[in-house]
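Enquirer: Numbering (the working numbering), first residue to last: -5 to 224.
Virtual Cβ for every residue (Gly too), placed ideally from N, Cα, C.
One structure, pasted below without further comment.
Set out below in structure tokens:
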């Protein structure tokens, strides 16, 4: 163990003297990490107050706002199959579905589509991925408990029955406190590290040099108008 330690110390000193650490990306990255680890000891470690966390939550509501959710049934009408009768067929089918029992078998209605007739409670984002943005916007405005439509999607028209819908909302601090605290501390760390680098930068002069043009190699394309021979 002693011999190995002595060899490691000698190798480290010799390699540093030869400048082997200067052009090694891995070593440079590791040194930066160690510097930032040391700097973190001076970063404010005071736990944030509830008031500070609430203020941060109010400033970043988009990070925590829940997505609207909806559960619905849908019957599809294929515009290619129905062509000129699409709107008329949609109105007739809507009347028939509205008069039927709420649990009517919709799999026998409309036209086949490789999407479910019964869509379990899903976020607006999930509905948009399946049916498209236009359909997702429209179904979030449909009154639950009654057949409505037709709603357009990239596939065609749909008659829908919204079973339940819950609007997205911003949760209270108590509901998401651990996540808010983690994000708050992470931002504080980034902010203080940025301040550290700004102070360090005052001690340096940074020069941006243009990359020299690469010399023309043999066999490169000639100037305009020149012909290459084979």
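Can you check which of these residues, 190, 145, 180, 170, is closest to residue 48 by C-alpha distance?
Expert: The residue labelled residue 48 in the question sits at position 54 within the chain shown. Closest option to residue 48, Cα to Cα, is 170.
Enquirer: Does DSSP put residue 149 in a helix, a strand or coil?
Expert: Locating residue 149 in the chain shown gives position 155, counting from the first residue. Three-state DSSP puts residue 149 in coil, outside helix and strand.
Enquirer: Answer with buried or exposed for residue 118, where buried requires no fewer than 16 other C-beta atoms within 10 angstroms of its C-beta.
Expert: Numbered from its first residue, the chain shown carries residue 118 at position 124. Residue 118 is buried by the Cβ-count criterion.
Enquirer: Between residue 84 and residue 168, what straight-line distance do the alpha-carbon atoms span, to the nearest angstrom?
Expert: Counted from its first residue, the chain shown places residue 84 at position 90. Counted from its first residue, the chain shown places residue 168 at position 174. Roughly 47 angstroms separates the two Cα atoms.
Enquirer: Using beta-carbon positions only, say whether residue 147 and residue 126 come within less than 8 angstroms of one another.
Expert: In the chain shown, the residue the question calls residue 147 occupies position 153. In the chain shown, the residue the question calls residue 126 occupies position 132. Yes, they are a contact pair.
Enquirer: DSSP three-state call for residue 222: helix, strand or coil?
Expert: Position 228 of the chain shown, counting from 1, holds the residue named residue 222. Residue placement at residue 222 is poorly supported in this model, since its pLDDT is 44, which falls under 50; the coordinates still yield a value, given next. Correct three-state label for residue 222: coil.
Enquirer: So residue 121 is in the beta strand (DSSP E); what residue range does that whole segment cover?
Expert: Translated into the one-based positions of the chain shown, residue 121 becomes position 127. Counting along the chain, residue 121 falls outside any beta strand (DSSP E), though it belongs to the alpha helix (DSSP H) covering 118 to 125.
Enquirer: Can you give me the Cβ contacts of residue 124 inside the same chain, cut-off strictly under 7 angstroms, excluding the 5 residues immediately before and after it?
Expert: As a working note, residue 124 is residue 130 in the chain shown. The residues are 109.
Enquirer: What does the alpha-carbon distance come out to for the pair residue 172 and residue 52?
Expert: Taking the first residue of the chain shown as 1, we reach residue 172 at position 178. Taking the first residue of the chain shown as 1, we reach residue 52 at position 58. Approximately 15 angstroms between the Cα atoms of the pair.
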